[in-house]
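>
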Amino acid sequence: MSYKQLENAMSISKVLSANDTGETGGHQAGMLIPKTGGVLSFFPLLEKDEKNPRASLKFIDSSNDEWKFMFIYYNNKFFNGTRNEFRLTGMTKFIRQNNLKAGDKIILSCERDGTRTIKHERAKTEETKNVLKLGSSWKVVKI
DNA sequence: AGCCATGCACCG
DNA sequence: CGGTGCATGGCT
Numbered sequence: 001m002s003y004k005q006l007e008n009a010m011s012i013s014k015v016l017s018a019n020d021t022g023e024t025g026g027h028q029a030g031m032l033i034p035k036t037g038g039v040l041s042f043f044p045l046l047e048k049d050e051k052n053p054r055a056s057l058k059f060i061d062s063s064n065d066e067w068k069f070m071f072i073y074y075n076n077k078f079f080n081g082t083r084n085e086f087r088l089t090g091m092t093k094f095i096r097q098n099n100l101k102a103g104d105k106i107i108l109s110c111e112r113d114g115t116r117t118i119k120h121e122r123a124k125t126e127e128t129k130n131v132l133k134l135g136s137s138w139k140v141v142k143i
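Just so we're aligned: the first sequence equals residues 1 to 143 in the UniProt record's numbering.
1. Would you mind reading off the limits of the alpha helix (DSSP H) that contains T21?
2. Ignoring anything shorter than 4 residues or poking outside the stretch 74-125, list the alpha helix (DSSP H) runs there in chain order.
3. Rounding to the nearest angstrom, what Cα-Cα distance links H27 and G90 in this structure?
4. What is the DSSP secondary structure of V131, reduced to helix, strand or coil?
5. Within a Cβ cutoff of 6 Å, which residues of the same chain sit near F86, ignoring the five residues on either side of it in sequence?
6. Could you work out which residue in N84, G114, A123 and C110 is closest to F102 when comparing CA atoms only?
7. Taking the C-alpha atoms as reference points, what is the distance between S2 and D61?
8. Taking the C-alpha atoms as reference points, what is the distance between Q38 and V141?
9. Quick one: grab the DSSP three-state call for S41.
10. Measuring CB atoms only, is the stretch 8-26 touching the stretch 106-120, in the sense that at least three cross pairs come out at less than 8 Å?
11. So, are the CB atoms of N52 and N76 less than 8 Å apart?
So, in structure tokens, the structure goes:
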């Protein structure tokens, strides 16, 4: 009797930063993966004893297209350098095709059969929605 | 911890 | 030769 059913159909999401989408001029080719929030458990375990280990992952989007991303652990901090972070690279085409901008969200899911899917969520840019004008110079005065 | 930025290698 | 992506350093 085992109780392991947590690894089924999990999904994570990441809000794109300007640098992730390339808007800052950086040629990043992908996005940073936060080390916190349990996000890492979505990805395969990488060999931390070797430098910059990586895993190629296949994702299916909503139109059933297949995408190949590279999950890389830049860990040269434990070798020569200063890096200690995870990245998902090779996403430029996907970002462009869907016209994703900073603030938009990427949702990655993992089905029970191991299939990984990718979705995106447009940021709600209704910035002036809650700026309800109430005639602030008027107020009720009791006499 | 996460985001920004860049030199260089590679490929069209 | 210019765009793209990797790897890496720097800055907040």
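Beta carbons are placed, not taken as given, at the ideal position from N, Cα and C, and that holds for glycine.
According to the structure data:
1. Residue 21 sits at position 21 when you count from the first residue of the first sequence. Taken as a continuous stretch (DSSP letters only), the alpha helix (DSSP H) holding T21 covers A18 to T21.
2. 92-97
3. Against the first sequence, residue 27 aligns to sequence position 27. Against the first sequence, residue 90 aligns to sequence position 90. Rounded to the nearest angstrom, the two C-alpha atoms are 11 Å apart.
4. If you number the first sequence from 1, residue 131 lands on position 131. In this predicted model, V131 has a pLDDT of only 47, less than 50, meaning its place in the structure is not dependable enough to derive any value.
5. Walking along the first sequence from the start, residue 86 turns up at place 86. Hits under 6 Å: I33 and Y73.
6. The residue labelled residue 102 in the question sits at position 102 within the first sequence. Reading off the sequence, residue 102 comes out as Ala, not Phe. Of the candidates N84, G114, A123 and C110, A123 places its Cα closest to the Cα of A102.
7. What you label residue 2 is simply residue 2 of the first sequence in a count that begins at 1. What you label residue 61 is simply residue 61 of the first sequence in a count that begins at 1. Caution applies to S2, whose pLDDT of 40 falls short of 50 and renders its modelled position unreliable; the value that the coordinates give is listed next. Each residue's Cα considered, the two are about 33 Å apart.
8. Counting from one through the first sequence, the residue named residue 38 turns up at place 38. Counting from one through the first sequence, the residue named residue 141 turns up at place 141. According to the sequence provided, residue 38 is Gly. The question's Gln does not apply to it. Going from the Cα of G38 to the Cα of V141 covers about 53 Å.
9. Position 41 of the first sequence, counted from the first residue, corresponds to residue 41. Helix, per DSSP.
10. yes
11. Numbered from its first residue, the first sequence carries residue 52 at position 52. Numbered from its first residue, the first sequence carries residue 76 at position 76. In contact: N52 and N76 (Cβ atoms closer than 8 Å).
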